[in-house]
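S.K.:
Residue numbers (this note's numbering): 2 to 146.
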C-alpha cells in the first residue's frame, strides 16, 4: 500500500510462517489443537514438570515426523503466500518457521513481491536490518532470557 506519506519506510508483513504450511495437514491439526483456549487451559493446569515432559516428548515426535515427511509438505504453500500478500497488500513478507533462509521473488496479481525466510535461531540469532533502501541480513550470538 502507498500509505506511508512518501517516507522511505518499508511496507512489509511479518509472520511466523507456520500458518502458510497448509500442505502439512498433521501440523495444521496440531496447530489448531494447541491454539484452542480449552486445550491451553487444561495444559496450563498441569504441573510444570508434567508440561516440560510433554513438550520434550512432542519435540522427539516432531523430529521423527519431520524425518519422514517430504520437504515440499513442510514448506509454505505458494497459494497461501499469495493469498496473504493479496489480503494485506504489502509487497514483502518476512517469516521463519520453515528455517530455510532464502529470498524468493514472486508475482502476485501482476505485482512484484518478495518473501524473505529467516533461519533457525538455535545458538545464533539472525535478523534483517533496513538501511533506507533494502534489507540486509545480519547475525550474532543468540540472547538467552
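Ideal Cβ positions, reconstructed from N, Cα and C, are used throughout, including at glycine. For clarity, every value in this text was computed on a predicted model and none was experimentally measured.
1. Mark residue 18 as exposed unless 16 or more other C-beta atoms lie within 10 angstroms of its C-beta, in which case mark it buried.
2. I think residue 78 touches residue 23, with their Cβ atoms under 8 Å apart; what is that distance to the nearest whole Å?
3. Go ahead and label residue 137 buried or exposed: buried means 16 or more other beta carbons lie within 10 angstroms of its beta carbon, across all protein chains shown.
4. For residue 198, count neighbouring C-beta atoms within 10 Å of its own C-beta (all shown protein chains included) and say buried if the count is 16 or more, exposed if not.
5. So for residue 89, helix, strand or coil by DSSP?
6. Given residue 40, which residues of its chain have a CB within under 7 Å of its CB, disregarding the five upstream and five downstream residues?
7. Quick check: the region 95 to 115 against the region 39 to 53, are there 3 or more CB pairs under 8 Å?
8. With residue 35 as the anchor, note down where its alpha helix (DSSP H) starts and where it stops.
9. When DSSP builds the beta bridges, which residues end up paired with residue 14?
10. What separation, rounded to the nearest whole angstrom, lies between the Cα atoms of residue 54 and residue 61?
11. For residue 141, which residues does DSSP report across the bridge?
12. Measure the CB-CB distance between residue 116 and residue 98 and report whether it falls below 8 Å.
13. Would you call residue 125 buried or exposed, if buried means 16 or more other Cβ atoms sit within 10 Å of its Cβ?
14. From the DSSP output, read off the bridge partner residues of residue 136.
M.R.: Checking against the coordinates, here is how it stands:
1. Residue 18 sits at position 17 when you count from the first residue of the chain shown. So residue 18 ends up on the buried side.
2. Within the chain shown, numbered from 1, the residue matching residue 78 stands at position 77. Within the chain shown, numbered from 1, the residue matching residue 23 stands at position 22. Between residue 23 and residue 78 the Cβ distance is about 4 Å, and since that is below 8 Å, they are a contact.
3. Within the chain shown, the letter at position 136 stands for residue 137. Exposed, because fewer than 16 other Cβ atoms sit within 10 Å of the Cβ of residue 137.
4. For residue 198 there is no data in the structure shown, the boundaries of the chain being 2 and 146.
5. The sequence position of residue 89 within the chain shown is 88, counting from 1. Of the three classes helix, strand and coil, the one that applies to residue 89 here is helix, per DSSP.
6. In the chain shown, counting from the first residue as 1, residue 40 sits at position 39. Closer than 7 Å at Cβ, skipping near neighbours: 34.
7. no
8. Here residue 35 corresponds to residue number 34 of the chain shown, with the count starting at 1. Residue 35 -> alpha helix (DSSP H) spans 26 to 35.
9. Numbered from its first residue, the chain shown carries residue 14 at position 13. 94, per the DSSP bridge assignment.
10. Walking along the chain shown from the start, residue 54 turns up at place 53. Walking along the chain shown from the start, residue 61 turns up at place 60. Their backbone Cα atoms lie some 11 Å apart in a straight line.
11. Stepping through the chain shown from its first residue, residue 141 is reached at position 140. DSSP output for residue 141 lists 126 as bridge partner(s).
12. Numbered from 1 along the chain shown, position 115 holds the residue referred to as residue 116. Numbered from 1 along the chain shown, position 97 holds the residue referred to as residue 98. Going by C-beta atoms, residue 116 is not nearer than 8 Å to residue 98.
13. Position 124 of the chain shown, counted from the first residue, corresponds to residue 125. Looking at its Cβ environment, which holds fewer than 16 other Cβ atoms inside 10 Å, residue 125 is exposed.
14. On the chain shown, residue 136 is found 135 positions in, with the first residue counted as 1. DSSP, once it has assigned bridges, lists 131 as partnering residue 136.
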